[in-house]
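Worksheet: the structure to be examined is printed underneath.
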DNA sequence: TTAATTAATTAGGTTAATCTAATTTATTTT
DNA sequence: AAAATAAATTAGATTAACCTAATTAATTAA
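Chains as they are written, first to last, in our numbering: chain A, 941 to 1162; chain B, 941 to 1162.
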């Protein structure tokens, strides 16, 4: 079995690879894992020895297929436990991340699958992030940033790109919840402030920063 | 926070203290933790430094109050997770131990308490072992071994002292389940084999070994 | 394209948790 | 009580995961 540390490296590499391209830099890993660069170099060598990553000196790392499987498995665990915490235990969506960081390392495929069933095979976690299936397949999402919509366009709010409690709380406070349909009423040219209309609600003004952190499934043009 | 290793030592010391008396021997710990004696000596010194145990060279260890609190907290976690696994995920009582050994180390009192509530504040785990409350108080049980009952006496089966899957499976196979009322119909003098009557069932013959691994709440004499 | 800057690696250490082999301390047995 | 046995400790190593300081490699700027 893999250590928690290895699993955290794998997850971090996976996420950086998704976000920024093929190869991941030592410094990027050091930053997200909150360790110093030489520790990363060290660890990557060990992980390369276990065929979890391909590592080329001073060139960065990539996951091997084996590494990707492990990484996706952990993400699956994480997101399922988040659903459990919110749906079953009554946690709020901004409270579950740290607990899920612990729970994701429980080693049992069987438990994961039983949990999945218990939760009713959810397709996304409380933040709208897709849950990989038992084979490690992630549903391809067609969601786009709200900030890419033009005047008059509509969509359904399906996820966030900023997972900080601060941002999630802001959304709660503003009455913006997953599943809401949103229409762009106006975009201020000067500072790209968005005026949006939430289903059955009066218009709300959000900053570009916010619009750029919300994922929506764009409604088909009528 | 304490490491998983420390927590496992604390739990082991707690259980040995309960079972065998005040002070726990290095060798006993080495055996249950499946490590070698010098590792135990080493660890005990470090734990004594953290005031989790009182350790006297060559004299054995005891938990401090602080150590006891941590140990009982872990046992609380363990047993609550076992209830979760059986009641919510559909595991059998002989399958949950190893998973609970992992889950017990999730660090969050709040999670433990929310889980407790979600499960309906169970008083015992699937094997009948009592669950400590949020203050670390364990309900005192008056259960006795079935092997201490005399001819004609009755009781309710409330727990086991042998938690091995093999034994638990044997009980399943024999139709002996937690909560069953049991009456001693006969005790064979020669080998102490018990003939017992299960509620609504025909008589069953069990060995002394089995009778000595079953806990019952003795019925008051009418 | 050389110089300056930034990123990554090597070298050498630390800590927790383990090990084996050797020694010391306790407990039994004669 | 001395000898034999068993239990515990010390001594010295190992491994994973981290660190700082020094060096080398890669990138960017002049």
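Glycine included, every Cβ here is placed at the ideal spot set by N, Cα and C.
Every value quoted in this text rests on a predicted model; they were computed, and no experiment measured them.
Helix, strand or coil: which one does DSSP assign to residue i?
{"i": "residue 1070 (chain A)", "result": "strand"}
{"i": "residue 954 (chain A)", "result": "helix"}
{"i": "residue 1014 (chain B)", "result": "helix"}
{"i": "residue 968 (chain B)", "result": "helix"}
{"i": "residue 1153 (chain A)", "result": "coil"}
{"i": "residue 1085 (chain A)", "result": "strand"}
{"i": "residue 1126 (chain A)", "result": "strand"}
{"i": "residue 981 (chain A)", "result": "helix"}
{"i": "residue 1134 (chain A)", "result": "strand"}
{"i": "residue 959 (chain A)", "result": "helix"}
{"i": "residue 949 (chain A)", "result": "helix"}
{"i": "residue 1048 (chain B)", "result": "coil"}
{"i": "residue 1099 (chain A)", "result": "strand"}
{"i": "residue 1026 (chain A)", "result": "helix"}
{"i": "residue 1108 (chain B)", "result": "helix"}
{"i": "residue 1158 (chain B)", "result": "strand"}
Taking the straight line between their C-alpha atoms, what separation do you get for residue i and residue j?
{"i": "residue 1099 (chain B)", "j": "residue 1021 (chain A)", "result": "31 Å"}
{"i": "residue 1018 (chain B)", "j": "residue 1080 (chain B)", "result": "18 Å"}
{"i": "residue 1109 (chain B)", "j": "residue 1122 (chain B)", "result": "19 Å"}
{"i": "residue 1137 (chain A)", "j": "residue 1087 (chain A)", "result": "14 Å"}
{"i": "residue 1134 (chain A)", "j": "residue 1106 (chain A)", "result": "20 Å"}
{"i": "residue 977 (chain B)", "j": "residue 967 (chain B)", "result": "6 Å"}
{"i": "residue 991 (chain B)", "j": "residue 1004 (chain B)", "result": "7 Å"}
{"i": "residue 1025 (chain B)", "j": "residue 999 (chain A)", "result": "45 Å"}
{"i": "residue 1128 (chain B)", "j": "residue 1061 (chain B)", "result": "41 Å"}
{"i": "residue 1148 (chain B)", "j": "residue 1132 (chain B)", "result": "6 Å"}
{"i": "residue 985 (chain B)", "j": "residue 994 (chain B)", "result": "9 Å"}
{"i": "residue 1095 (chain A)", "j": "residue 1159 (chain A)", "result": "5 Å"}
{"i": "residue 903 (chain B)", "j": "residue 1125 (chain B)", "result": "In the structure displayed, chain B extends from 941 to 1162; residue 903 (chain B) sits before or after that span and is not available."}
{"i": "residue 1029 (chain B)", "j": "residue 1052 (chain A)", "result": "10 Å"}
{"i": "residue 1072 (chain B)", "j": "residue 1006 (chain A)", "result": "42 Å"}
{"i": "residue 1038 (chain B)", "j": "residue 1048 (chain A)", "result": "10 Å"}
{"i": "residue 1097 (chain A)", "j": "residue 1035 (chain A)", "result": "20 Å"}
{"i": "residue 1141 (chain B)", "j": "residue 1057 (chain B)", "result": "35 Å"}
{"i": "residue 975 (chain A)", "j": "residue 981 (chain A)", "result": "11 Å"}
{"i": "residue 949 (chain B)", "j": "residue 1104 (chain A)", "result": "36 Å"}
Does any C-beta atom of chain B lie closer than 8 Å to the C-beta of residue i?
{"i": "residue 1030 (chain A)", "result": "yes"}
Cutting at 7 Å between CB atoms, please list the residues of its own chain near residue i, excluding the five before and the five after it.
{"i": "residue 1013 (chain B)", "result": "1076"}
{"i": "residue 1069 (chain B)", "result": "1019, 1099"}
{"i": "residue 1180 (chain B)", "result": "The structure shown does not extend to residue 1180 (chain B), since chain B is modelled only from 941 through 1162, so no value can be given for it."}
{"i": "residue 1119 (chain A)", "result": "1096, 1097"}
Only counting the same chain, and skipping five residues up and downstream in sequence, which positions put a Cβ closer than 8 Å to that of residue i?
{"i": "residue 1144 (chain B)", "result": "1114, 1115, 1116, 1135, 1136, 1137, 1138"}
{"i": "residue 1090 (chain A)", "result": "1124, 1127"}
Any heavy atom of the ligand FMN inside 7 Å of the beta-carbon of residue i?
{"i": "residue 1141 (chain A)", "result": "With respect to small molecules bound, the structure shown includes none, and the ligand FMN cannot be examined in it."}
Between residue i and the rest of its own chain, which residues show a CB-CB distance below 6 Å, the 5 nearest in sequence each way excluded?
{"i": "residue 1151 (chain A)", "result": "1086, 1087, 1134"}
Using a Cβ-Cβ cutoff of 7 Å, what residues of the segment 1034-1068 of chain A are near chain B? List them in chain order. The residues in question are 1039, 1042, 1043, 1046, 1047, 1048, 1051, 1054, 1055, 1058.
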